[in-house]
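A quick write-up on the structure given underneath.
Protein chains: 2
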Amino acid sequence: MARRSDHTREELHSMAIDATRTIIAQEGIEGVSARKVAQQIGYTVGTLYQSFENIHDLVLHANAFTLSEMLAELEVSFQSSRDPLQRMVKLAEAYLRFAETHQRQWAAVFRHSLPESYPMPDWYQARIDALFALIESGVRALAPKRSRQSIQGASRTLWSGVHGICILHTGDKLFSNRIASAQSLVQSLVKHYLNSWVAEGKR
Amino acid sequence: MARRSDHTREELHSMAIDATRTIIAQEGIEGVSARKVAQQIGYTVGTLYQSFENIHDLVLHANAFTLSEMLAELEVSFQSSRDPLQRMVKLAEAYLRFAETHQRQWAAVFRHSLPESYPMPDWYQARIDALFALIESGVRALAPKRSRQSIQGASRTLWSGVHGICILHTGDKLFSNRIASAQSLVQSLVKHYLNSWVAEGKR
DNA sequence: AGCATAATTAAACGTTGTTTAATATTCAAG
DNA sequence: CTTGAATATTAAACAACGTTTAATTATGCT
């Protein structure tokens with residue numbers, strides 16, 4: 038039996054999250070189970086339930102980690118270009134690249150649905166907000182004069198679109214990418230949408 | 038015990054699909070289970086497994102039904118306007134409206150992931166192809182001179198975008214729609230993207 | 001009527017998330 | 001130190017899940 042002095046509560050917590058992330062990376066989110074995680078960290082399920090409310094809580098923590106990783110990469114890409122439009126293209130490409138590189142982790146984030154009885158925690162929502170804040174700042178640079186509402190709308194429209202391409206690209210096989218690579222789709226979307234949206238603002 | 042003369046194989050098949058659709062509509066795809074479906078049609082699980090390979094097969098049939106319903110509605114909307122651009126806007130709006138109206142059914146279609154050991158059946162893929170064919174025909178009307186490749190790319194880009202908006206809207210985790218309605222996002226996406234894409238073809 | 005065929009069921013298996021009571025460990029007070 | 005309260009950990013249980021099995025029941029054919 039593992040002794041309680043072997044690991045602190047905090048250590049246990051992060052060990053479980055790490056194990057969950059490993060399982061997701063190897064088998065996808067469907068492969069995650071309380072028993073499997075427990076076994077991987079050398080404890081039993083009961084101990085796991087001392088650190089996490091339920092399995093959703095655990096997966097949510099693993100997914101939050103993924104979101105943070107992604108945000109870090111996006112921020113690097115964001116800085117990689119000075120031209121505002123090019124910056125948005127780079128950002129979208131980085132988003133797609135992350136989805137491709139960390140397919141299962143990324144899928145876990147956006148496929149995992151929690152029961153309506155279990156509302157999304159604030160600390161998790163904060164990650165998503167940070168993501169959209171980055172996008173909005175990029176869009177704002179393209180049209181500094183436009184209203185906050187307008188910028189928010191364009192950001193959400195654009196990023197929903199980028200997100201949609203990533204979903205249909207990585208997850209399902211809605212289209213074979215022999216015709217057009219996902220990257221070219223993303224480029225097409227960002228350039229054309231922002232092109233017309235910026236022009237609208239100058240009319 | 039239900040007698041086998043009570044219902045033909047075909048009746049059983051469609052009874053099970055109907056029951057599945059009802060459960061999805063009421064409780065979402067998470068509420069579907071073999072036992073629940075079996076009980077609702079007055080048989081036991083074993084009988085269900087005589088009509089369907091596994092639970093994925095059953096859900097797939099229910100989802101195919103949903104896709105057909107959606108396609109029918111989209112076709113009506115497609116005809117509702119003569120102007121090619123307006124037609125695409127209507128099409129996208131109809132897609133969003135369906136996603137809103139049949140939230141759980143629509144979510145079931147796009148959240149259900151089948152194991153990689155179980156490839157998507159042709160009859161299911163055919164539904165998706167029909168959907169994209171409709172979209173492509175609308176895009177082609179906007180730029181008849183452009184290459185098949187180009188039209189396919191634009192169609193997929195655009196519809197991935199529309200799809201993404203619907204996902205983030207109905208899941209409504211990502212943004213509160215008090216700023217901009219999903220409908221306005223969809224309109225914005227379709228108009229601006231096609232605007233610039235069509236212009237590019239005329240350069 | 002009787003036999004073969006097929007449909008249906010009840011029961012089982014292994015898995016899941018979660019809870020429970022019992023046990024083991026820690027920590028503080030005497 | 002020892003004892004006792006507090007807590008961590010475990011093993012076992014529960015209900016529900018997908019799926020398979022053997023046994024039973026209904027059908028169709030000769």
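Just so you know, the protein sequences line up as chains A and B, in that order.
So for the first sequence, the numbering used here puts the first residue at 38; every next one is plus one.
So for the second sequence, the numbering used here puts the first residue at 38; every next one is plus one.
For each residue, glycine too, the CB sits at the ideal point set by N, CA and C.
All of these numbers come straight from a predicted model, not from anything done at the bench.
Partners in chain B for A/H200, counting only beta-carbon separations shorter than 8 Å
Numbered from 1 along the first sequence, position 163 holds the residue referred to as residue 200 of chain A. Going along chain B in sequence order, the residues near A/H200 (Cβ under 8 Å) are G201, I204, L205.
Does A/M157 come out as helix, strand or coil in the three-state DSSP assignment?
Here residue 157 of chain A refers to the residue found at position 120 of the first sequence. Annotated three-state conformation of A/M157 is coil, per DSSP.
Between B/A180 and B/E237, what straight-line distance do the alpha-carbon atoms span, to the nearest angstrom?
Your numbering for residue 180 of chain B matches position 143 in the second sequence. Your numbering for residue 237 of chain B matches position 200 in the second sequence. Those two C-alpha atoms are separated by around 10 Å.
Does the CB of A/S51 have a neighbour CB from chain B at under 9 Å?
On the first sequence, position 14 is the one that residue 51 of chain A refers to. By this cut-off, A/S51 is not an interface position.
Can you find a CB in chain A that lies within less than 9 Å of the CB of B/G190?
In the second sequence, residue 190 of chain B corresponds to position 153, counting from 1. Cβ-Cβ to chain A under 9 Å: yes for B/G190.
Where A/R164 meets chain B, residues with beta-carbon distance less than 9 Å
As a first step, residue 164 of chain A must be located in the first sequence, where it is residue number 127. The contacting residues do not exist; A/R164 stays about 11 Å from chain B at best.
Check the Cβ of B/W234 against every Cβ in chain A and list those closer than 8 Å, keeping chain order.
Position 197 of the second sequence holds residue 234 of chain B. Ordered by position in chain A, the residues that pass the 8 Å Cβ test against B/W234 are S225, H229.
If you reduce the DSSP assignment to three classes, tell me which class A/F89 lands in.
By one-based count along the first sequence, residue 89 of chain A stands at place 52. Coil, per DSSP.
Locate the alpha helix (DSSP H) running through B/D55, then write down its first and last residues.
Working through the second sequence from its first residue, we reach residue 55 of chain B at position 18. Here the alpha helix (DSSP H) through B/D55 covers 46-64.
Can you check which of these residues, B/P152, B/W160, B/E106, B/A163, is closest to B/Q142 by C-alpha distance?
Translated into the one-based positions of the second sequence, residue 142 of chain B becomes position 105. That would be B/E106, whose Cα lies nearest to the Cα of B/Q142.
With a floor of 4 residues, list each alpha helix (DSSP H) that falls wholly inside the region 134-179 of chain B, ordered by position along the chain.
With a minimum length of 4 residues, the continuous alpha helix (DSSP H) runs that stay inside the region 134-179 of chain B are 140-148, 159-179.
Roughly how many whole angstroms lie between the Cα atoms of A/S51 and B/T59?
Locating residue 51 of chain A in the first sequence gives position 14, counting from the first residue. Locating residue 59 of chain B in the second sequence gives position 22, counting from the first residue. Going by the C-alpha atoms only, they are around 41 Å apart.
I'd like to know whether the C-beta atoms of B/G190 and A/S225 end up nearer to each other than 9 Å.
What you label residue 190 of chain B is simply residue 153 of the second sequence in a count that begins at 1. What you label residue 225 of chain A is simply residue 188 of the first sequence in a count that begins at 1. Their beta carbons are under 9 Å apart, which means B/G190 touches A/S225 by this criterion.
What is the DSSP secondary structure of B/K73, counted as helix, strand or coil?
Here residue 73 of chain B corresponds to residue number 36 of the second sequence, with the count starting at 1. Correct three-state label for B/K73: helix.
Cβ of B/K239 versus every heavy atom of the ligand ADP: is any distance shorter than 8 Å?
As presented, the structure is devoid of all ligands, the ligand ADP included, so that no description of it is given.
Burial state of A/K228, where buried means 16 or more other Cβ atoms lie within 10 Å:
The count along the first sequence starts at 1 and reaches residue 228 of chain A at position 191. Buried is the call here.
Output the distance between the C-alpha atoms of B/E130 and B/A170, rounded to the nearest integer angstrom.
Numbered from 1 along the second sequence, position 93 holds the residue referred to as residue 130 of chain B. Numbered from 1 along the second sequence, position 133 holds the residue referred to as residue 170 of chain B. Each residue's alpha carbon lies about 17 Å from the other.
Pull up the distance between the alpha-carbon of A/A178 and that of A/P121, whole angstroms please.
Position 141 of the first sequence holds residue 178 of chain A. Position 84 of the first sequence holds residue 121 of chain A. One C-alpha to the other measures close to 6 Å.
Where do the N-terminal and C-terminal ends of the alpha helix (DSSP H) with B/I202 fall, by residue?
In the second sequence, residue 202 of chain B corresponds to position 165, counting from 1. Here the alpha helix (DSSP H) through B/I202 covers 185-207.
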